[in-house]
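Chains as they are written, first to last, in our numbering: chain A, 140 to 340; chain B, 31 to 361. Below: one structure, written as structure tokens.
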Amino acid sequence: MKKQSKYLIIDTATPYLYVAIYEGKKPLEIVYQQGKNNHSVTLMPTIEKLFDRVKMSLEDIDDIVVGIGPGSYTGVRIGVVVAKMFAWSLDKPLLTISSLALLASASKGPRILAYQDARRGNAFLGLYAYHQQTLKRLIDDQHTAYDAFVSQHDIDDEISEGQPDFALILTSDLLHREPSVHHVSPIYLRKTEAERNLQNG
Amino acid sequence: MIVLSVESSCDETSVSISQNGKTILSNIVLSQIELHQAFGGVVPEIASREHVKGITAVFEKALKDADKTPSDIDLIAVTKGPGLIGSLLVGINAAKAFAFAHQIPIVGIHHIAGHIYANHIENDLEFPLIALVVSGGHTELVLMKEHYSFETLGQTYDDAVGEAYDKIARVLDLGYPGGPIIDKLAHEGQPTYPMPNIDTSSRYDFSYSGLKSHVINMINTMRMKKEPINHRNMAASFQKAAVKHLITQSKHAIEDVDAKMFVVAGGVAANKHLRAEVNKHFKDIKTTMPAFKYCTDNAAMMGIAGYFYYQKYQRQDAMDMNGFSRLDLRE
Ligand SMILES: [Zn+2]
């Protein structure tokens, strides 16, 4: 039988902390828990605990997978930095995935709106579909006015929290293998306020 | 003992490899200063984003320049505060991930301890010593009776000295950061403008808001009256008063504790006028100021402080280590 790849998956772009170890499509350990804006404190101990439970070390992992946003700026950076460091320092492939796609994988609807509140009526959102046992992206992730988007699109399921189904992500074409670990950055979808102010003069 | 150290408390991404708290094998500093100049100061969100972009490449270069691999590293030291929280968290999580991946002990270190220990790179610290810590965020007098023991004797009631420099530079439209610009201009001018004597009624504390307001008011009045302002002389006048205050309070502390050594630490330690005045006023005591490259934020200094912390406490931090925008030197 062909050896199944082992994955460590991390997502810290939402208020929930998601860390999982998969062997192929089979989950070995999953943590999905609400945080208190403290992914910086909880991520590494959670990873440590998961490896203890599966009696493996980071060396046994084949691929590092990380949710790359969009979402909370500070939150997403924690996961991305840790994943980059693992991949670079142990010379392992780094796979990135939209944090909204991870969220959408928790639903099985034909038209899933995955979103995160971005304040002032705005949201980070993307439209996805569960179709023939896999997940497809219908409309690209964006930072936009939530009400306007919802009124203009057919949506049958809205999701802003839910435990990702990584097996579904594995069969999709949404996972991106990064050619160079050093250059990986979160997807912010927005310039900083200071840059916008400078542009607007 | 080989230490890998990480510093990301503001706008510099830095990783260093050092040996036995003394020898710097590599010290890579990725500076973002040009990015922030357009905004007249450090923009925290931009700083955090840049740290994420640069961090693994800076680790790689530090190891390569020192000709070391992760398996050579005995200890990881990382700045845990004070500083910009978003920036700190990038370095801390990078350091924790590296520590976990290679099963190396990690210690969180106070940024100011790093600035003080920057002096140890070239001159062994001798105790008791008085450290004058001066930067954009700090103006403090610290007493050390032995390695890794800190007692804050005095600090600023209001602005840090570097902050006052930045504000004066901004009012004069000189650019950012203000310290080096004013220092340079001051050397071409004369202290012709009257400045107030700073008196804090305490022997060790500092105050810069009065001097700053005096200079800003003077500039505004002259502009209103359409009088020409001699920037060089204004810079020289301000700088003379600012540095005199540092010297006066340092002298008090040194005399009172009968210190064996006086060390100057932090970004403002690169100030040429301050360095000259220190050499002039403290002839009876050993003085040290870091080399210019170790005055501003860098990871090398964190590695030296980390080594002495670990020697003293033999204690490591757990994977839940956090960053702190404010942090007491004794924590
Ligand atoms: Zn500093």
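For each residue, glycine too, the CB sits at the ideal point set by N, CA and C.
How is residue i classed by DSSP in three states: helix, strand or coil?
| i | result |
| --- | --- |
| Ala190/B | coil |
| Thr181/A | helix |
| Arg276/A | strand |
| His177/B | coil |
| Arg356/B | coil |
| Asn247/B | helix |
| Phe157/B | coil |
| Pro166/A | strand |
| Lys342/B | helix |
| Thr235/A | strand |
| Glu317/A | coil |
| Ala107/B | strand |
| Gly116/B | helix |
| Glu257/B | coil |
| Asn123/B | helix |
| Ala159/A | strand |
| Ile54/B | strand |
| Gly174/A | coil |
| Gly166/B | coil |
| Asp229/B | coil |
If you follow the alpha helix (DSSP H) that residue i is part of, which residue opens it and which one closes it?
| i | result |
| --- | --- |
| Val323/A | Run containing Val323/A: none; DSSP gives neither H nor E here. |
| Asp95/B | 74 to 96 |
| Ile285/A | The sequence given here places Tyr at residue 285/A; Ile does not occur at that position. It spans 285 to 291 - the alpha helix (DSSP H) in which Tyr285/A sits, taken as one unbroken run. |
| Glu64/B | 63 to 67 |
| Ser228/A | 212 to 228 |
| Gln338/A | 332 to 338 |
| Asp213/B | 208 to 217 |
| Ile308/A | 305 to 310 |
Can you pull the chain A neighbours of residue i, defined as C-beta to C-beta under 7 Å?
| i | result |
| --- | --- |
| Val137/B | Neighbours of Val137/B on chain A: none; closest Cβ ~15 Å, over 7 Å. |
| Pro100/B | Ser228 |
| Leu162/B | Within chain A, no residue comes near Leu162/B; the closest Cβ sits about 33 Å away, beyond 7 Å. |
| Ala329/B | The contacting residues do not exist; Ala329/B stays about 15 Å from chain A at best. |
Which bits of chain B does residue i rub up against, with CB to CB less than 8 Å?
| i | result |
| --- | --- |
| Ala333/A | Phe69, Val73, Glu75, Ile76 |
| Glu187/A | Phe130, Met349 |
| Tyr161/A | The premise fails here: Tyr161/A is roughly 19 Å from chain B at the closest Cβ pair, so nothing lies under 8 Å. |
Along chain E, which residues have their Cβ under 8 Å away from the Cβ of residue i?
| i | result |
| --- | --- |
| Lys275/A | Chain labels in this structure do not include chain E; the protein chains are A and B. |
If the cut is a Cβ gap below 9 Å, which residues of chain B does residue i touch?
| i | result |
| --- | --- |
| Pro325/A | Arg79, Val82 |
| Arg216/A | Ser78, Arg79, His81, Val82, Gly116, Leu119, Val120, Asn123 |
Apart from the five residues on each side of it in sequence, which residues of its chain come closer than 8 Å, Cβ to Cβ, to residue i?
| i | result |
| --- | --- |
| Ser117/B | Ser38, Ser39, Cys40, Asp41, Pro74, Ala77, Ser78, His81 |
| Ala92/B | Leu34, Val45, Ser46, Ile47, Ser56, Asn57, Ile58, Ala329 |
| Leu314/A | Val204, Leu234, Thr235, Ile236, Ile308 |
| Glu156/B | Lys290, Met291, Lys316 |
| Asp235/B | Gly184, Gln185, Thr186, Tyr187, Gln279 |
| Met183/A | Val221 |
Can you pull the chain A neighbours of residue i, defined as C-beta to C-beta under 8 Å?
| i | result |
| --- | --- |
| Ile85/B | Val220, Lys223, Met224 |
| Glu37/B | Near Glu37/B there are no residues of chain A at all, since even the closest Cβ is about 15 Å away, more than 8 Å. |
| Ile122/B | Ser179 |
| Glu434/B | Missing from the structure shown is residue 434/B; chain B here goes from 31 to 361 and no further. |
| Pro207/B | The contacting residues do not exist; Pro207/B stays about 17 Å from chain A at best. |
| Pro320/B | Ordered by position in chain A, no residue passes the 8 Å Cβ test against Pro320/B, which lies about 29 Å from the chain. |
| Gly353/B | Ser179 |
Less than 7 Å between C-beta atoms, sequence neighbours within five positions excluded: which residues of the same chain meet that for residue i?
| i | result |
| --- | --- |
| Ala268/A | Pro249, Arg250, Ile251, Lys275, Leu277 |
| Asn339/A | none |
| Ala266/B | Ala216, Gly219, Gln220, Pro221 |
| Gly208/A | Ala152, Val215, Ser238, Pro325, Ile326, Tyr327 |
| Glu176/B | Phe157 |
| Ile63/B | Asp41 |
| Ala245/A | Ile298, Gly301, Gln302, Pro303, Asp304 |
| Thr273/A | Leu307, Thr310, Ser311 |
| Ser179/A | Ile217 |
| Ala96/B | Ile47, Leu55, Ser56 |
Within a Cβ cutoff of 6 Å, which residues of the same chain sit near residue i, ignoring the five residues on either side of it in sequence?
| i | result |
| --- | --- |
| Ala306/B | none |
| Lys302/B | Asp213 |
| Trp227/A | Val320 |
With respect to the beta strand (DSSP E) encompassing residue i, which residues constitute its N-terminal and C-terminal limits?
| i | result |
| --- | --- |
| Thr43/B | 42 to 49 |
| His270/A | 261 to 270 |
| Ile148/A | 145 to 150 |
| Gln302/A | Gln302/A -> no beta strand (DSSP E), and no H or E assigned at all. |
| Asp295/A | From DSSP, Asp295/A is part of no beta strand (DSSP E); its letter is neither H nor E. |
| Ser35/B | 32 to 37 |
| Gln255/A | 251 to 256 |
| Asp342/A | For chain A, the structure presents residues 140 to 340; residue 342/A sits outside this window and is missing. |
I want to verify the contact list: residues of chain B whose CB lies under 7 Å from the CB of residue i, in sequence order.
| i | result |
| --- | --- |
| Leu266/A | What Leu266/A touches in chain B: nothing, since even the nearest Cβ is about 27 Å away. |
What in chain A is Cβ-close to residue i, meaning under 9 Å?
| i | result |
| --- | --- |
| Lys214/B | Per Cβ cutoff of 9 Å: no residues; Lys214/B is ~27 Å from chain A at best. |
| Gly333/B | The contacting residues do not exist; Gly333/B stays about 18 Å from chain A at best. |
| Ala22/B | Here chain B covers residues 31 to 361 and nothing more, so residue 22/B does not appear. |
key: Start-end ranges of the alpha helix (DSSP H) lying completely within the region 127 to 155 of chain B, minimum 4 residues   = Whole alpha helix (DSSP H) segments, 4+ residues: 141 to 147.
request  = With a floor of 3 residues, list each beta strand (DSSP E) that falls wholly inside the region 262 to 317 of chain B, ordered by position along the chain.
outcome  = Runs of the beta strand (DSSP E) inside the region 262 to 317 of chain B: 291 to 295.
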